[in-house]
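With the UniProt record's numbering applied, the sequence shown covers 1 to 613. Ideal placement from N, C-alpha and C gives every residue a C-beta, glycine not left out.
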Amino acid sequence: MRGHIRSMSAAVGLQGLEPAVFTSHTLPGPDRMKQTLKILDHGGFSKRLLFVGASGFLASIYCLFATNVTKPALFFVYPPCDRLSSNAGMVIDELMLIGAAIGMLVAGNLADLKGRKKLYGFELAALIIATLGVTQASEGFRSRGTDGKLEYTMDIYSWLAWWRFVLGCAIGAEHPLVTIITAEWVSRKSRGRMLASVYAAQPVARLLSYAVGIAALKIASSHVDPSNIESSMRVADQVWRWVTGIAIIPAALAVGFRFTVPESPRFHAYIRRDLSMALKKAGELYGTNALKGEPNGQSPGNPDSDSEGEGESLSLSSWWGGAVKCLRHTRAGKDLAVLSLLWAIVDISWYCLSMDSPGAMPTFWNSPSGDKNDPGEGDCPELNSWLTDTSNPGGSFHREMERNAVRFAVVVSIGAILGSAALIVIVNRFHRRSLLRVTSCALALLFGITGTVLLATPPKTDNRTAVDVLFGIMHFLFGVGPRTLVMIIAAEVFPTVYRGTFYGMAAAAGKVGAIVIRPIIGRTTKMEGAVGIRLLVAVILMALVASLCRFLPEVQREKKPRDHEQNIPASDGEKARAASGRPWFIRACGLRKLENMSLEEIAPNPQDRLGAE
Numbered sequence: 001m002r003g004h005i006r007s008m009s010a011a012v013g014l015q016g017l018e019p020a021v022f023t024s025h026t027l028p029g030p031d032r033m034k035q036t037l038k039i040l041d042h043g044g045f046s047k048r049l050l051f052v053g054a055s056g057f058l059a060s061i062y063c064l065f066a067t068n069v070t071k072p073a074l075f076f077v078y079p080p081c082d083r084l085s086s087n088a089g090m091v092i093d094e095l096m097l098i099g100a101a102i103g104m105l106v107a108g109n110l111a112d113l114k115g116r117k118k119l120y121g122f123e124l125a126a127l128i129i130a131t132l133g134v135t136q137a138s139e140g141f142r143s144r145g146t147d148g149k150l151e152y153t154m155d156i157y158s159w160l161a162w163w164r165f166v167l168g169c170a171i172g173a174e175h176p177l178v179t180i181i182t183a184e185w186v187s188r189k190s191r192g193r194m195l196a197s198v199y200a201a202q203p204v205a206r207l208l209s210y211a212v213g214i215a216a217l218k219i220a221s222s223h224v225d226p227s228n229i230e231s232s233m234r235v236a237d238q239v240w241r242w243v244t245g246i247a248i249i250p251a252a253l254a255v256g257f258r259f260t261v262p263e264s265p266r267f268h269a270y271i272r273r274d275l276s277m278a279l280k281k282a283g284e285l286y287g288t289n290a291l292k293g294e295p296n297g298q299s300p301g302n303p304d305s306d307s308e309g310e311g312e313s314l315s316l317s318s319w320w321g322g323a324v325k326c327l328r329h330t331r332a333g334k335d336l337a338v339l340s341l342l343w344a345i346v347d348i349s350w351y352c353l354s355m356d357s358p359g360a361m362p363t364f365w366n367s368p369s370g371d372k373n374d375p376g377e378g379d380c381p382e383l384n385s386w387l388t389d390t391s392n393p394g395g396s397f398h399r400e401m402e403r404n405a406v407r408f409a410v411v412v413s414i415g416a417i418l419g420s421a422a423l424i425v426i427v428n429r430f431h432r433r434s435l436l437r438v439t440s441c442a443l444a445l446l447f448g449i450t451g452t453v454l455l456a457t458p459p460k461t462d463n464r465t466a467v468d469v470l471f472g473i474m475h476f477l478f479g480v481g482p483r484t485l486v487m488i489i490a491a492e493v494f495p496t497v498y499r500g501t502f503y504g505m506a507a508a509a510g511k512v513g514a515i516v517i518r519p520i521i522g523r524t525t526k527m528e529g530a531v532g533i534r535l536l537v538a539v540i541l542m543a544l545v546a547s548l549c550r551f552l553p554e555v556q557r558e559k560k561p562r563d564h565e566q567n568i569p570a571s572d573g574e575k576a577r578a579a580s581g582r583p584w585f586i587r588a589c590g591l592r593k594l595e596n597m598s599l600e601e602i603a604p605n606p607q608d609r610l611g612a613e
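As structure tokens, this is what we get:
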């Protein structure tokens, strides 16, 4: 069997994509593995996969960022008043992040053991249930006790803490499933562009949460007097529930389509060791015309004509033993350590911007009046925790929420969306690790400039526009660089047998970084100075990211010129460039299109090497 596995590696490697000669001692049915990979490589950019993956990813990320819109409204209607802790919002956020880390670990591992398809869709069903649970959270019956204090039959923050934790688990499970299915199904030519397109749903979801918040506020308050507290509380209660619940729509659209996506052929080939089924599943998605004109003439539409392609799947004990050996004896262990560290550092640096804190933006737009949260009155010190603009203590809830949503949309989301769009265009024009290194260095420079500006200049209104521009540029760089590239590289560098597990571990490490930095941000006072200090610390972190890039494997190479380009005389450079068909701005920048390496070439099947030991 070991000899058979080693011969399969030769069939599925880079050389296996070209016509090859097979001897009698090779794995039975090697042509089926060749045909499977050819179908995938000829499949191109699948709009169906993009829609199915991006819609679910958008729903999960929307739920994650919607809390920035809903938190002020929630606190306005239901003052925390020391429930859960002195900072109820931080506790709920921490539980959601912990749930996300657990979901990433569990879903990634189950995707390897049970199949990518088995969970694809169920995590969105869990997300829908958890979202419904959040929107129905209540305090129950309210009355006044003998001491005059309000008493409730239920605790809304306990409800929210539980359902946010469940929601975090569903969001975490979504991340590795979408990534590995997308990476394994698309052609190697389209892999970078497809992954970048799926991840572009993150800033779109963030912008959508702000837009939905503004729309819900406009509709609910159209006939309400903002000066009336009871009417404003009724509006706020409707707004945060609508903003949260709207995530059900894209999740419901995606969940139905996900059950129609076939299992990954690579899962059948490398884990189930069933080459017939691998070929059959590839044909189900891309059809039998993908290989029209191929010289070997085997029809992918009839993969079961030769039954020799089936084999036994890996047992649980051998799988775990193989995973440990893979980490110890191949570069997968080094890649996992480097990517886990990179992911954690990037998340810490990204949260250092504090742009996910509802109180951050007003601090930069207005002269701060003291601590971030002004105390309330009486027995509830958090009575005014909804008031993010402490320089305007008499402001109404309507004005507060609308201004915050507009500021977030303009400064944060637009820059991030432009960064994600730029990455889709240039993802195959630059080596991934080189682009990661350059954008990390640029972020370190901007962190230093912005942090110095916040600390060294007095809080004047005329400084705010420059700070907002710098923050927008930094979010652009995060979108075109570290925050997206680390996820793309992690989807490519691990072997198929353990891709889900190792990716889930690296992603969970990123959430650990967020879990660590969130309490530091939550307990920060005098926001402007604190953000300045954190940005200066992030300079060191991003410099560390740039230095760690050299330990990442290469996943691309220079694309070979086409046959008709090779015959153009070297002296006629202009004609050669014109024949390449590259846009003028690409030629002006001297960029050459790169070619993605196959997943099997980047990370060969570890059993091929370790099985003989």
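Residue range of the unbroken alpha helix (DSSP H) whose run includes residue i
{"i": "N68", "result": "K47 to V77"}
{"i": "V446", "result": "In the sequence as displayed, the identity of residue 446 is Leu instead of Val. Its alpha helix (DSSP H) spans residues R432 to A456."}
{"i": "residue 614", "result": "Nothing can be reported for residue 614, as the shown portion of the chain is limited to 1 through 613."}
{"i": "E263", "result": "Element bounds for E263: n/a, residue is neither H nor E."}
{"i": "D237", "result": "I229 to G245"}
{"i": "L130", "result": "Here the sequence assigns Ala to residue 130, which means Leu is not the residue at that position. Residues F122 to T135."}
{"i": "P250", "result": "I248 to R258"}
{"i": "A201", "result": "A201 to A220"}
{"i": "R116", "result": "R116 to L119"}
Environment of residue i [buried if 16+ CB atoms lie within 10 Å]
{"i": "S197", "result": "buried"}
{"i": "A444", "result": "buried"}
{"i": "I61", "result": "buried"}
{"i": "K218", "result": "exposed"}
{"i": "D347", "result": "buried"}
{"i": "H329", "result": "exposed"}
{"i": "T260", "result": "exposed"}
{"i": "K149", "result": "exposed"}
{"i": "A323", "result": "buried"}
{"i": "I520", "result": "exposed"}
Three-state class that DSSP yields for residue i in the structure shown
{"i": "Y270", "result": "helix"}
{"i": "Y152", "result": "strand"}
{"i": "L599", "result": "helix"}
{"i": "P606", "result": "helix"}
{"i": "P393", "result": "Bear in mind that the predicted position of P393 carries a pLDDT of just 49, short of 50, making it unreliable; the figure below should be weighed with that in mind. Coil at P393, not helix or strand."}
{"i": "S143", "result": "strand"}
{"i": "L594", "result": "strand"}
{"i": "R577", "result": "Its pLDDT being 46, under 50, R577 is placed unreliably in this model, and the value from its coordinates should be taken loosely. It is helical."}
{"i": "A282", "result": "helix"}
{"i": "F476", "result": "helix"}
{"i": "C326", "result": "helix"}
{"i": "G481", "result": "coil"}
{"i": "S138", "result": "coil"}
{"i": "C81", "result": "coil"}
{"i": "residue 617", "result": "Since the first residue shown for the chain is 1 and the last is 613, residue 617 is missing from the structure and cannot be characterised."}
{"i": "V412", "result": "helix"}
{"i": "F502", "result": "helix"}
{"i": "V224", "result": "coil"}
{"i": "F494", "result": "coil"}
{"i": "L548", "result": "helix"}
Opening and closing residue of the beta strand (DSSP E) in which residue i lies
{"i": "L97", "result": "Segment A88 to L113 is the alpha helix (DSSP H) holding L97; no beta strand (DSSP E) there."}
{"i": "Q556", "result": "Q556 to E558"}
{"i": "R188", "result": "Element bounds for R188: n/a, residue is neither H nor E."}
Under 8 angstroms between C-beta atoms of residue i and residue j
{"i": "P80", "j": "A73", "result": "no"}
{"i": "G133", "j": "Y152", "result": "no"}
{"i": "residue 617", "j": "G56", "result": "Beyond the ends of the chain as shown, which are 1 and 613, falls residue 617; an answer cannot be given."}
{"i": "F494", "j": "D335", "result": "yes"}
{"i": "E174", "j": "E230", "result": "no"}
{"i": "A201", "j": "A54", "result": "yes"}
{"i": "L84", "j": "Y157", "result": "yes"}
Closer than 8 angstroms to chain D by CB, residue i
{"i": "M194", "result": "Absence of chain D from the displayed structure is noted, only one protein chain being present."}
Would you check if the segment 509-517 and the segment 439-454 touch, i.e. whether three or more CB-CB distances between them fall below 8 angstroms?
The answer is no - the segment 509-517 does not touch the segment 439-454, with fewer than three Cβ pairs under 8 angstroms.
Quick check: the segment 481-491 against the segment 432-441, are there 3 or more CB pairs under 8 angstroms?
With the cut-off at 8 angstroms, the segment 481-491 and the segment 432-441 touch.
Is there contact between the segment 463-476 and the segment 487-506, where contact requires at least three CB pairs shorter than 8 angstroms?
No: fewer than three Cβ pairs fall under 8 angstroms.
Please confirm if the segment 120-139 is in contact with the segment 207-227, defined as three or more CB-CB distances below 8 angstroms between the two stretches.
no
Inter-stretch contact (C-beta, 8 angstroms, three-pair minimum) for the segment 243-257 and the segment 222-235
no
Is the segment 63-78 in contact with the segment 186-195, if contact means three or more CB pairs nearer than 8 angstroms?
no
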